[in-house]
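K.L.:
Each residue of the sequence shown is one higher than the one before, counting from 323 in our numbering. Backbone N, C-alpha and C fix where the C-beta goes; we use that ideal spot for every residue, glycine too.
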Amino acid sequence: MTPRRPTVPGNGFVAAHVYDQPGTYRVSVDVYDRNGVHSAQETTVTVLPFTGTTYYVAANGLDSNPGTIDAPWQTFRYALGRITGPNTRVLFRNGDIFHTTFRELYGERPDHPRRLERAGGTSRPNR
323 MTPRRPTVPG NGFVAAHVYD QPGTYRVSVD VYDRNGVHSA QETTVTVLPF TGTTYYVAAN
383 GLDSNPGTID APWQTFRYAL GRITGPNTRV LFRNGDIFHT TFRELYGERP DHPRRLERAG
443 GTSRPNR
C-alpha cells in the first residue's frame, strides 16, 4: 500500500497475515495512532502458488530421512539447518511439539526472521 502522507519508521509489534491458498484477495487496513488520528487503505493482493522446496518435520521422524512428507525429519534444529536458500519452506506436523532456542530460530540476524508453518492433520505431515 502506498501511504497518503509521509510516514516515519516505527518499532514495536508488527501484525501480519499469511494466506494459505493462492488467489486474489481484497485487503483493507484501518489504523489509529495514539492521538486517535485514523487512516484507512484498501488494495488487492494476488497470492501465487508456492514454488520451491518443501521439507517436513514430525516428532516421530528421523533426521537421517530425506525430509519428505512420507519420511519427515525429526528435530527443529536439523530442519532449520537445511534452510540454505530462498524458496524453501519447512512444515511442522500439526499437534507435535518441537523445541528450539531464540538463537536457533533467528540465527545471527533477528531482523530477518524465518517463517514457520504447521502442516495440517495429525496422522502425518501434509499440506
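(1) Name the two residues that bound the continuous beta strand (DSSP E) containing Tyr-269.
(2) Assign Tyr-488 to one of three DSSP states: helix, strand, or coil.
(3) I need the DSSP call for Ala-401, collapsed to helix, strand or coil.
(4) Can you give the Cα-Cα distance for Phe-414 and Val-379, rounded to whole angstroms?
(5) Check whether the segment 347 to 361 and the segment 394 to 404 are in contact - that is, three or more C-beta pairs closer than 8 Å.
(6) Hey, how far is the Cα of Ser-386 from the Cα of Val-369?
(7) From the DSSP output, in three-state form, read off Leu-413 for me.
(8) Going by DSSP, which residues form a beta bridge with Asp-418?
(9) Taking all protein chains shown into account, decide if Tyr-354 is buried (16 or more other Cβ within 10 angstroms of its Cβ) or exposed.
(10) Report the three-state DSSP secondary structure of Asp-352 (helix, strand or coil).
(11) Using the DSSP secondary-structure output, state which residues sit across from Val-369 in a beta bridge.
P.N.:
The relevant details are as follows:
(1) The displayed coordinates of the chain run from 323 to 449. Any statement about residue 269 would go beyond what the structure contains.
(2) Within the shown structure, residues of the chain are numbered from 323 to 449, placing residue 488 beyond reach of any answer.
(3) helix
(4) 5 Å
(5) no
(6) 34 Å
(7) strand
(8) Partner(s): none; Asp-418 has no beta bridge.
(9) exposed
(10) strand
(11) Gly-345
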